[in-house]
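Residue 407 in numbering that gives the first Met the number 0 sits at position 408 of the sequence shown, and the numbers go up by one each step. Read through the structure below, which is laid out as structure tokens, and then see the notes.
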Amino acid sequence: MAAELTVHQLIATHRPTLDQALEAIRTRAYWSPHPEHPKAYGEHGSLDMAAGKAAFDALLGTRLDLGQPGTDDFVGGEVSPYGIELGVEYPHADVDVLLPAMKAGQKAWRDAGAEIRAVVCLEILKRISDRTHEFAHAVMHTSGQAFMMAFQAGGPHAQDRGLEAVAYAYVEQVRTPDTAEWTKPQGKRDPLALTKQFTPVPRGIALVIGCNTFPTWNGYPGLFASLATGNAVLVKPHPRAVLPLALTVQVARDVLSETGFDPNLVALTAERPGEGIAKTLATRPEIRIIDYTGSTAFGDWLEANARQAQVYTEKAGVNSVLVESAGDYKGMLANLAFSLSLYSGQMCTTPQNLLIPRDGIRTDEGPKTFDEVVADLARSVDGLLGDDARANALLGAIVNPDVKDRLEGAAGLGEVALASREIANPEFPGAVVRTPVVVKLDGAKPDDEAAYMSECFGPVSFAVAVDSASDAVELLRRTIREKGAMTVGAYTTDEEVEQAVQEVCLEEAAQLSLNLVGGVYVNQTAAFSDFHGSGGNPAANAALCDGAFVANRFRVVEVRREA
């Protein structure tokens, strides 16, 4: 009875938030229940800045025992991109024991219904939100994001994406009524009458394969979409970014237990160094849903080999910005400079290729040659990052040695318009901090094409000279079609060029941002309003979030009876 009372309390507490989320995804207007400012936390039981930092510090060097069945070892080894050894150990699972235990709780979770599952998920998100400062440090020291970005993207923005997934999941599940009375007239004979019952049933156990750069932002949509649709969820974090998702699993297990459900509906499996358990897990027959963010190679492997599962992948692409003309030249340069610099370009949405006519562009400051545009952009980046304190706050740290190697190798691909420089971080001397590099390439040269048509993840951008605006549009089309794109940007004052770019993005299913000059950037998306990816080009086979992202995580089973 206590558990039932708790569930009813959760409905009373969280149903208004769920209703607001449902309205937000209907209108696509701005809304968020999670404050973006650090000073908004500290009341009503949430951790303030000092308490959140203390909670994070208390985790270092500890063992996070989640009480999961099948734990056969504890593993760790995370080292912060800022040079700190975290020293946290996590449960390593014997999946032959853990997976059956996870499945055992699904019946009660299925029978609870869509609304109860939704409000339990919202309670999980609320408790995570109360610990946003603690989670921010966990994200910062596993991803290399600067603190404010880790706080916002790893905290409220990630929580927004989780809530958005719950809202979409709820909509799709209640689209079909629970019951129906069906009567078919038979003329002079008695009508045929049936009572029909419709139940959303989960596919099975869902596997979330976490990423290094955005463990919560990229992990929460799949986790909460699967959980809200009745599936148990096994979380396999990236070996370098375990802590944020381990804390998430811990919170989820606590809430499930307190509301009378089996905590094993959500579990964690960490891996030993070099163990590579993702492939083994992904092809287990118990795994029926997979969410993955990461390299194209492994995403393609999952789509080809995890045939028993519904696979949702966000892989990689080559994001382009077409620069044909500018009505606010300084605003364009400032907006692009920020987009190239944010988190050292370590975002799947960061622009890589800047497609600029070799004869130059028209601007509100008069004509600008190709070389002038690129030089002015380089100066804009230098101005933005000229102060080391501000640069550290924007760039964060290089997340892993592969990114550093790509950055250093890019200088040999063409003429360097903006050289990368090293920045010291006084607070974290072990951090590897680098400013972006911009390299000039010629769109007509095959050797240059090999560079700009390959993803170069990190703070590397190519200024690609093209023969005309129409050539830029066709190169944009080919890039999206062959390599995929999470984002596309364009700057133009020409209506025909704008229409041509828009038509390419509609035909190739790429999300487009036009003439951004203010405080919104091509590499940022807002939950409840913007779609992240489209699922329609090679960069991703799903969008965060839409109905298609949640609807195939459950099936509706019908039971018919004579009335």
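Each residue gets a CB set at the ideal place from its N, CA and C atoms; glycine is no exception.
Residue interval of the alpha helix (DSSP H) (run including residue i)
i, result
"W30", "Per DSSP, W30 belongs to no alpha helix (DSSP H) and is neither H nor E."
"H156", "P155 to V173"
"E494", "E494 to E507"
"A205", "No alpha helix (DSSP H) holds A205; the beta strand (DSSP E) holding it covers I204 to I208."
"Y89", "It is not in any alpha helix (DSSP H) - Y89 instead sits in the beta strand (DSSP E) that spans Y89 to A92."
"R560", "That residue, R560, is in no alpha helix (DSSP H); its beta strand (DSSP E) goes F553 to E561."
"L475", "A468 to K482"
"L267", "Looking at the DSSP string, L267 is not in any alpha helix (DSSP H); the run it does join, the beta strand (DSSP E), is V265 to L267."
"F297", "T295 to N304"
"G546", "G546 to A550"
"G408", "P400 to A409"
"A564", "Absent from the model: residue 564. The displayed extent of the chain is 0 to 562, so no value can be given."
"T279", "A277 to A281"
CB of residue i within 8 Å of CB of residue j, strictly
i, j, result
"R116", "G229", "yes"
"E507", "R476", "yes"
"D563", "V516", "The structure shown does not extend to residue 563, since the chain spans only 0 to 562, so no value can be given for it."
"A113", "A20", "no"
"D441", "A423", "no"
"V398", "G143", "yes"
"A409", "V487", "no"
"T194", "A562", "yes"
"P366", "G359", "yes"
"H156", "A526", "yes"
"P485", "N318", "Reading off the sequence, residue 485 comes out as Met, not Pro. Their beta carbons are under 8 Å apart, which means M485 touches N318 by this criterion."
"H136", "A50", "no"
"P80", "A390", "no"
"A100", "G69", "yes"
"F548", "Y311", "yes"
"P356", "A443", "no"
"T491", "E371", "no"
Nearest candidate by alpha-carbon position, reference residue i, set the options
i, options, result
"P176", "A388, V170, F197 and A168", "F197"
"D95", "E257, T268 and A423", "T268"
"E364", "K329, G385 and S379", "K329"
"E163", "P80, D470 and R25", "R25"
"V472", "E421, K439 and N352", "N352"
"D404", "V436, F427, S379 and L513", "V436"
"D493", "N514, V503, L474 and E481", "N514"
"Q345", "A145, Y291, G535 and T312", "A145"
"F427", "M139, Y520, F461 and R283", "M139"
"A489", "R554, V521 and A227", "V521"
"A168", "L226, L191, T178 and Q501", "L226"
"N540", "A277, R62, Y291 and L124", "Y291"
"A416", "R378, A450, P15 and G382", "R378"
"S31", "A303, S528 and V232", "S528"
First and last residue of the uninterrupted beta strand (DSSP E) at residue i
i, result
"D71", "T70 to V74"
"K187", "Note, K187: premise wrong, no beta strand (DSSP E); not H, not E."
"P356", "N352 to P356"
"G60", "Note, G60: premise wrong, no beta strand (DSSP E); not H, not E."
"L511", "L511 to L513"
"T292", "I286 to T292"
"L321", "S319 to V322"
"T312", "Q309 to E313"
"A464", "V459 to V465"
"A489", "V487 to Y490"
Residues near residue i in its chain [Cβ-Cβ closer than 6 Å; skip 5 each side]
i, result
"S45", "D129"
"A152", "W216"
"G218", "V207, G209 and L244"
"W181", "L193 and K195"
"P214", "A240, P243 and L244"
"G413", "V438, K439 and L440"
Beta-carbon proximity list for residue i, same chain, < 8 Å, skipping 5 on both sides
i, result
"K187", "none"
"M0", "Note that M0 scores 38 on pLDDT, short of 50, meaning its location in the model is unreliable; the coordinates nonetheless yield the value given after this. Hits under 8 Å: none found."
"T258", "A2, T5, V6, L9, V119 and E122"
"S294", "K314 and A315"
"N536", "G316, I479, R480, G483, A484, E507, A508 and A509"
"C504", "I479, V487, Q510 and L511"
Same chain only: Cβ atoms within 7 Å of residue i, ignoring 5 sequence neighbours per side
i, result
"V558", "Q196"
"T279", "none"
"M148", "Y342 and G395"
Short CB-CB distance (under 8 Å) between residue i and chain C
i, result
"I10", "Protein chains in the displayed structure number just one, and chain C is not present."
Can you check the stretch 79–157 for any alpha helix (DSSP H) of at least 4 residues that lies completely inside it and give the ranges in chain order?
94–103, 105–111, 113–129, 131–142 and 146–153, all fully within the stretch 79–157.
Within the stretch 213–257, ranges of the beta strand (DSSP E) (whole runs, at least 3 residues)
Segments of the beta strand (DSSP E) lying fully in the stretch 213–257: 231–235.
3-residue-minimum beta strand (DSSP E) runs that sit fully inside the stretch 341–388, ordered along the chain
Taken in chain order, the whole beta strand (DSSP E) runs of length 3 or more contained in the stretch 341–388 are 352–356.
As an exercise, report each continuous beta strand (DSSP E) stretch of at least 3 residues that is fully enclosed by the stretch 417–451, in chain order.
With a minimum length of 3 residues, the continuous beta strand (DSSP E) runs that stay inside the stretch 417–451 are 436–441.
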